[in-house]
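Enquirer: Note that the sequence shown ends on residue 307 in this note's numbering; no numbers are left out. Before I ask anything, here is the structure I am working with.
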Amino acid sequence: MQTSFSGWGSGLLGVLIFSGSLPATRVAVGSLDPMFLTSVRAVLAALLGAAMLLAFRQTKPERADLPSLIVVAAGVVIGFPLLTATALQHITAAHSVVFIGLLPLATGVFGVLRGDTRPKPLFWVFSVLGSLAVAGFALTQNADVSLFGDALMLAAVIVCGLGYAEGALLSRRLGGWQVISWALVLALPMMLALAIAFRPETLSGLPVPVWISVGYVSMFSMLIGFFFWYRGLALGGTAGVGQLQLLQPFFGLMLSAFLLAEPTPPLMIAATVFVVLCVAGAKRFA
């Protein structure tokens, strides 16, 4: 029982860490180019990940693991951070949280496509309902809301779901934190080149909140959060602790409201609740 409790605690801490990613990114892209932010956060996380791999003398992945690591790197290290950072130049962090409610569902769908699970028919019913809710919410917003930003968030959810599903399969052989660390190391040369190419003329004069946000998305969102998340899944069970991810949209809305003073209208909250219920139903029949 103590092990299970520890697993749930670790999983909850991982979800809390991930919930701060979009608000922190929203702050950072107010002063930094999305491409530079995406690349520099990956570089900083990769350096820490590489140090840990060396310190714990982890065995290198086999050649057969390379395609899967490339998928993880493309989805989690590059795709999701870049797409969300670009989207958050057009929409609020609170608005983006509605789309994050579909992330567990996207992960489940790609798990099915990869042959990891065979869901029941009701899985697809809840999947369609959740997708329609997100599309309907986006279409009912006023002209100040960017459909381009919404499209970027949907793309971010898709590529991240693919990266999560592929990483989940690979972690059975390499281990959870090792997968994200090796993916970061694999992407390091390209991300370092991009960081240099898109670096601003000067970093002096940046507000303190921007520096804090960059540090947060680099160390916590990109790396440390995965440590707690995968530890929770291992100790408490994937089926049980995995449900904690459904709380992420609510944590994200609260952080956006309290830290950024962004409005959370009733329709946004209702859409988030409905999407979370659809995801819960889909996972129930997955």
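Positions of the beta carbon are idealized from the N, C-alpha and C atoms, including for glycine. Owing to the predicted nature of the structure, the values given are computational and were not obtained by experimental measurement.
Under the three-state reduction of DSSP, which class applies to Phe306: helix, strand or coil?
Expert: The answer is coil: DSSP assigns Phe306 none of H, G, I, E or B.
Enquirer: I believe Val119 touches Val155 by the beta-carbon criterion, under 8 Å. Please report the beta-carbon distance rounded to the nearest angstrom.
Expert: That pair is a contact at about 6 Å.
Enquirer: I'd like the span of the alpha helix (DSSP H) that includes Arg193, first residue to last.
Expert: Looking at the DSSP string, the run of the alpha helix (DSSP H) that includes Arg193 is Leu168 to Leu195.
Enquirer: Just to confirm before moving on: does the CB-CB distance between Ala186 and Thr105 stay below 8 Å?
Expert: Result no, Cβ atoms of Ala186 and Thr105 do not sit closer than 8 Å.
Enquirer: For Ser31, I'd like the list of residues in its chain whose CB is within less than 6 Å of its CB, leaving aside the five on either flank, ordered along the chain.
Expert: Closer than 6 Å at Cβ, skipping near neighbours: Phe249, Arg252 and Gly253.
Enquirer: What residue range does the alpha helix (DSSP H) around Ser239 cover?
Expert: No alpha helix (DSSP H) contains Ser239, which DSSP labels as neither H nor E.
Enquirer: Cα-Cα, which of Leu53, Leu37, Gly184 and Ala176 is closest to Ser152?
Expert: It is Ala176.
Enquirer: Which ranges does the alpha helix (DSSP H) cover as unbroken runs of at least 4 residues, wholly within the stretch 26-75, from first to last along the chain?
Expert: The stretch 26-75 contains these whole alpha helix (DSSP H) runs: 42-49.
Enquirer: What number of angstroms, rounded off, separates the C-alpha of Met73 from the C-alpha of Arg193?
Expert: Each residue's alpha carbon lies about 19 Å from the other.
Enquirer: Can you list, in chain order, the residues of its chain with a C-beta nearer than 6 Å to that of Ala164? Leave out the 5 residues immediately preceding and following it.
Expert: Its pLDDT being 47, under 50, Ala164 is placed unreliably by the model, and the measurement read from it follows with that caveat. Contacts found: none.
Enquirer: Is DSSP giving Thr293 helix, strand or coil here?
Expert: Helix at Thr293.
Enquirer: My understanding is that Val238 touches Ser42, with C-beta atoms under 8 Å, so please give their C-beta distance in whole angstroms.
Expert: Yes, Val238 and Ser42 are in contact; Cβ-Cβ is about 6 Å, under 8 Å.
Enquirer: Straight-line CA distance for Glu222 to Phe57?
Expert: Going by the C-alpha atoms only, they are around 12 Å apart.
Enquirer: Determine the DSSP secondary structure at Phe219, reduced to helix, strand or coil.
Expert: Of the three classes helix, strand and coil, the one that applies to Phe219 here is coil, per DSSP.
Enquirer: In this structure, how does DSSP classify Leu227 when only helix, strand and coil are distinguished?
Expert: Note: Leu227 maps to coil in three-state DSSP.
Enquirer: Counting Cβ pairs closer than 8 Å, one from the stretch 201-215 and one from the stretch 59-67, do we hit at least three?
Expert: Taking 8 Å as the limit for Cβ pairs, the verdict is that the stretch 59-67 does touch the stretch 201-215.
Enquirer: Which whole-angstrom value is the C-beta distance of Ile38 and Gly196, which I expect to be below 8 Å?
Expert: Contact flag wrong, Cβ pair sits at about 19 Å.
Enquirer: Run the CB neighbour count on Leu173, radius 10 Å, all protein chains shown included, and call it buried at 16 or more, exposed below.
Expert: Leu173 should be labelled buried.
Enquirer: Excluding the 5 residues preceding and the 5 following Gln269 in the sequence, name in chain order all residues of the same chain whose CB lies nearer than 7 Å to its CB.
Expert: The answer, listed in chain order, is Val36, Phe39, Ser40 and Ile121.
Enquirer: Considering Cα atoms alone, identify which of Leu53, Val97 and Ala282 is closest to Leu227.
Expert: Taking only the C-alpha atoms, the option nearest Leu227 is Leu53.
Enquirer: To the nearest angstrom, how far is the alpha carbon of Ala282 from that of Val294?
Expert: Those two C-alpha atoms are separated by around 20 Å.
Enquirer: Closest by CA to Val50, which one among Ile217, Phe279 and Val235?
Expert: Measuring from the Cα of Val50, the nearest candidate turns out to be Val235.
Enquirer: For Gly182, tell me which candidate among Gly273, Leu143, Gly100 and Ala292 has the shortest Cα-Cα distance.
Expert: Checking every option, the nearest Cα to that of Gly182 belongs to Gly100.
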